[in-house]
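Report on the structure given below.
Protein chains in written order, with my numbering: chain X, -1 to 226; chain E, 737 to 822.
Structure below.
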């Protein structure tokens, strides 16, 4: 009996992963709701003390089917046209992904709220692993932490990984637009996120958002000092 | 390279360091040490562990890739010694 080709094995695995995704989906949605509630509850004291211009917005999402499968495939299956075979002894499972379910806490202004929120959530999820979102321009380039991120298993779901992020609100809003434009593009725009000119513009936007907050904070401090 | 920086950040967080978003530094008020994010990228884990082990003193210690200048040190010392980050 001829061995299935790499392409046939790949298609077979894709179908298996899609079946797995839809079998996990009800629990993923349940975990999404529970995690969002737990995060919001953990932040209740901080939310109660917010000044009128300060904002904390909690959003959540379940990773889409194709997005989850693509993330896993990038890591595990051989590339088309390259020699190699899928290891029949290895089980490919979406459960190895760290972010099937995600909650994001978007904050304005970033200082000092993000650290307060971080402290509160680390207390609630002490065993979750630290995996910050870092922007790095090449090996020698400038680095910055764009968002705090942690992943782990919740008390109620010990086999589905979830993550929570704490990000500046302005960055979160920009990412929403960027995500729609870059990661759900028409076929004409595929790969746009890797265009060097686009990468430069993205960094400029992030710089501008950070500078906006710095200036806001400076003016706020000056106003508070002059009123006291 | 980014994964390497993440490992160092994880170690700093485990040692009780907090991140300042404006200044891009990790600081610990108890041991009076500050590491810049740039320095974490420029040095290896051995460098970080060595400096974490060094005993603390009443003065702040700054571990940056370049400098910092006296003016920056004074500014950071003032801010970090206060009760809230500006």
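In this text, a Cβ means the ideal position worked out from N, Cα and C, and glycines have one as well.
Can you check whether the C-beta of residue i is within less than 8 Å of a C-beta belonging to chain X?
i, result
"residue 742 of chain E", "yes"
"residue 745 of chain E", "yes"
"residue 749 of chain E", "yes"
"residue 777 of chain E", "yes"
"residue 760 of chain E", "yes"
"residue 773 of chain E", "yes"
"residue 799 of chain E", "no"
"residue 793 of chain E", "no"
"residue 755 of chain E", "yes"
"residue 814 of chain E", "no"
What does the Cβ neighbour count give for residue i, buried or exposed, with the cut at 16 atoms within 10 Å?
i, result
"residue 123 of chain X", "buried"
"residue 798 of chain E", "buried"
"residue 178 of chain X", "exposed"
"residue 121 of chain X", "exposed"
"residue 195 of chain X", "exposed"
"residue 147 of chain X", "buried"
"residue 102 of chain X", "buried"
"residue 197 of chain X", "exposed"
When the Cα atoms are used, what is the spatial distance from residue i to residue j?
i, j, result
"residue 774 of chain E", "residue 92 of chain X", "35 Å"
"residue 113 of chain X", "residue 166 of chain X", "11 Å"
"residue 803 of chain E", "residue 67 of chain X", "46 Å"
"residue 777 of chain E", "residue 31 of chain X", "37 Å"
"residue 806 of chain E", "residue 199 of chain X", "34 Å"
"residue 127 of chain X", "residue 65 of chain X", "22 Å"
"residue 94 of chain X", "residue 151 of chain X", "11 Å"
"residue 789 of chain E", "residue 748 of chain E", "12 Å"
"residue 215 of chain X", "residue 20 of chain X", "46 Å"
"residue 78 of chain X", "residue 53 of chain X", "Below a pLDDT of 50, predicted positions are generally treated as unreliable, and residue 78 of chain X, at 49, falls in that range; no measurement from the model is reported."
"residue 202 of chain X", "residue 7 of chain X", "43 Å"
"residue 4 of chain X", "residue 90 of chain X", "15 Å"
"residue 84 of chain X", "residue 0 of chain X", "At residue 84 of chain X, the pLDDT of 49 sits below 50, so the modelled position is not reliable and the matter cannot be decided from this model."
"residue 63 of chain X", "residue 22 of chain X", "10 Å"
"residue 743 of chain E", "residue 224 of chain X", "43 Å"
"residue 141 of chain X", "residue 755 of chain E", "14 Å"
"residue 763 of chain E", "residue 193 of chain X", "36 Å"
"residue 28 of chain X", "residue 46 of chain X", "27 Å"
"residue 793 of chain E", "residue 72 of chain X", "48 Å"
"residue 180 of chain X", "residue 131 of chain X", "18 Å"
"residue 13 of chain X", "residue 2 of chain X", "15 Å"
"residue 750 of chain E", "residue 125 of chain X", "11 Å"
Contact check, residue i vs residue j under 8 Å by CB: the rounded distance?
i, j, result
"residue 116 of chain X", "residue 44 of chain X", "Not really, about 11 Å apart at Cβ, beyond 8 Å."
"residue 795 of chain E", "residue 768 of chain E", "7 Å"
"residue 210 of chain X", "residue 168 of chain X", "7 Å"
"residue 96 of chain X", "residue 161 of chain X", "6 Å"
Could you say which of the options lies nearest to residue i if we only look at CA atoms?
i, options, result
"residue 39 of chain X", "X:158, X:119, X:175, X:128", "X:119"
"residue 26 of chain X", "X:104, X:159, X:37", "X:159"
"residue 70 of chain X", "X:155, X:15, X:20", "X:15"
"residue 247 of chain X", "X:173, X:207, X:110", "Nothing about residue 247 of chain X can be read from this structure; chain X reaches only from -1 to 226."
"residue 104 of chain X", "X:170, X:51, X:205", "X:170"
"residue 99 of chain X", "X:157, X:53, X:197", "X:157"
"residue 745 of chain E", "E:813, E:785, E:810, E:812", "E:785"
"residue 55 of chain X", "X:42, X:62, X:133", "X:42"
"residue 817 of chain E", "E:782, E:766, E:771", "E:766"
"residue 752 of chain E", "E:758, E:779, E:771", "E:771"
"residue 33 of chain X", "X:47, X:213, X:57, X:194", "X:57"
"residue 59 of chain X", "X:46, X:221, X:47, X:35", "X:35"
"residue 129 of chain X", "X:149, X:172, X:193, X:153", "X:149"
"residue 24 of chain X", "X:61, X:193, X:175", "X:61"
"residue 800 of chain E", "E:739, E:792, E:750, E:760", "E:760"
"residue 107 of chain X", "X:222, X:221, X:213", "X:213"
"residue 204 of chain X", "X:222, X:217, X:172, X:37", "X:172"
Taking 8 Å as the CB-CB cut-off, is residue i touching chain E?
i, result
"residue 81 of chain X", "Low confidence applies to residue 81 of chain X: its pLDDT is 41, below 50, so where it sits in the model is not reliable, and the reading given next is rough at best. Answer no: the Cβ-Cβ gap between residue 81 of chain X and chain E never drops below 8 Å."
"residue 199 of chain X", "no"
"residue 72 of chain X", "no"
"residue 84 of chain X", "Confidence in residue 84 of chain X is poor, its pLDDT being 49 and thus under 50, which makes the residue's placement unreliable; the coordinate value appears in the next sentence. No, its Cβ sits nowhere closer than 8 Å to a Cβ of chain E."
"residue 157 of chain X", "no"
"residue 78 of chain X", "Here residue 78 of chain X scores only 49 on pLDDT, less than 50, and its place in the model is too uncertain to base an answer on."
"residue 142 of chain X", "yes"
"residue 130 of chain X", "yes"
"residue 26 of chain X", "no"
"residue 109 of chain X", "yes"
"residue 220 of chain X", "no"
"residue 212 of chain X", "yes"
"residue 229 of chain X", "As displayed, chain X neither begins before -1 nor continues past 226, which places residue 229 of chain X out of reach and without an answer."
"residue 205 of chain X", "no"
Can you tell me whether residue i sits near the ligand ATP, meaning its C-beta is under 7 Å from at least one heavy atom of the ligand?
i, result
"residue 64 of chain X", "As presented, the structure is devoid of all ligands, the ligand ATP included, so that no description of it is given."
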